[in-house]
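Residue numbering for the sequence shown follows our numbering, beginning at 546 and increasing consecutively. Built from N, CA and C at the ideal position, the CB exists for glycine as well. Below: one structure, written as structure tokens.
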Amino acid sequence: MSAKVWLVGAGPGDPELLTLKAVRAMNEADVVLIDDLVNPVVLEHCAAARVITVGKRGGCRSTPQDFIHRLMLRYARQGKCVVRLKGGDPCIFGRGGEEAMWLRERGVEVELVNGITAGLAGATNCSVPLTLRGVSRGVTLVTAHTQDDSSLNWRALAEGGTTLVVYMGVAKLEEIRLQLLEGGMAADMPVAMIENASLPQQRECRSTLLRMQEDARVFALKSPAILVIGRVAAVGQAAYVAAAASA
Ligand code: SAH
């Protein structure tokens with residue numbers, strides 16, 4: 546049997562947001578390696594598989610990436626159907642790209658299966674349209690977190706006029722706020738901060754660029770959360786609806 550690994554997006558948490566293809570892969574899996582952002586409820590689809598948690602949260606040290614690579618390789622070479630299940634989409638800040646390249650270089654067949662990424666689900670679940678005719682012509686997904694100290698071109702992001710969706714931003718609110726203000730973004734730019742998007746415990750906090758750090762502190766915003774920064778982030782709020790109705 547040829548070795549194969551499926552790199553599968555489990556979506557943001559709501560089990561109804563799984564794709565049919567993800568469900569099929571889970572059904573067929575012998576071994577499932579999961580990240581801790583994966584909602585355990587989705588594991589009902591892989592009842593016959595051996596489930597191994599390789600997550601990084603909860604104060605535990607990360608499972609070294611190299612160990613995860615080797616584990617996938619070992620099971621694949623044993624002819625097992627391996628599913629690597631990741632929160633959201635495997636290729637949006639999910640290392641799907643790295644894992645696929647590493648495995649393919651070793652002759653392992655890889656199939657990637659999209660999941661609904663947290664940024665899309667978070668926005669939709671609080672009625673924020675990421676693009677909107679006359680308001681936003683594009684969306685930029687960025688992560689505030691880097692491992693190599695490289696920095697984003699915040700000025701370009703501030704000037705670009707697209708809706709910004711920021712992942713891994715909770716610990717970086719101060720930097721994001723300062724950089725975007727310095728980059729010339731309006732202080733009253735609407736911001737929506739969405740915690741635990743698509744899960745029963747989802748919470749949303751609406752704010753502005755100027756106030757976002759203070760509002761997040763009062764709200765006790767916690768990871769996992771995404772930030773939507775842009776004019777569309779005011780949509781879905783009572784004030785916006787009233788203004789639109791009277792326009
Ligand atoms: N591959 C994932 C992203 C992994 S990076 C995806 O496509 O969604 C981890 C970051 O994703 C978190 O720090 C947070 O910013 C975001 N995230 C993941 N799940 C989330 C959720 N249910 N609600 C809000 N943000 C989430």
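Annotation for M738 indicates a beta carbon at 7 Å or more from all heavy atoms of the ligand SAH. Here K717 carries a helix assignment [DSSP, helix/strand/coil]. At a threshold of 7 Å, T662 counts as near the ligand SAH, since its beta carbon sits closer than that to one of the ligand's heavy atoms. Here the C-alpha atom of W699 lies approximately 44 Å from the C-alpha atom of E573. For L582, the distance from the CB to the nearest heavy atom of the ligand SAH is below 7 Å. When distances are taken from the beta-carbon of K717 to the heavy atoms of the ligand SAH, even the shortest one reaches 7 Å or more.
P635 counts as buried, since no fewer than 16 other beta carbons sit within 10 angstroms of its beta carbon. For the pair A778 and A737, the CB atoms are nearer than the 8 Å cut-off. Per DSSP, the continuous alpha helix (DSSP H) segment holding L565 begins and ends at 565 to 573. At least one heavy atom of the ligand SAH falls within 7 Å of the beta-carbon of K631.
Look at C591 here: in three-state DSSP terms it is helix.
The three-state reading of DSSP puts M738 in strand, counting E and B together. Taking the Cβ atoms as the reference, S681 lies roughly 5 Å from T708, within the contact range of under 8 Å.
In the three-state reduction of the DSSP assignment, I774 falls in the strand class.
Between E644 and R622 the beta-carbon gap is near 16 Å, outside 8 Å, which marks them as no contact.
A distance of 8 Å or more separates the beta carbons of P735 and G781.
Rounded to the nearest whole angstrom, the CA to CA distance from V568 to H590 is 6 Å. Using a Cβ-Cβ distance cut-off of 8 Å, the region 549 to 558 and the region 571 to 588 are in contact, since at least three pairs of beta carbons, one from each stretch, lie closer than that value. CA-CA distance, I613 to A594, rounds to 17 Å.
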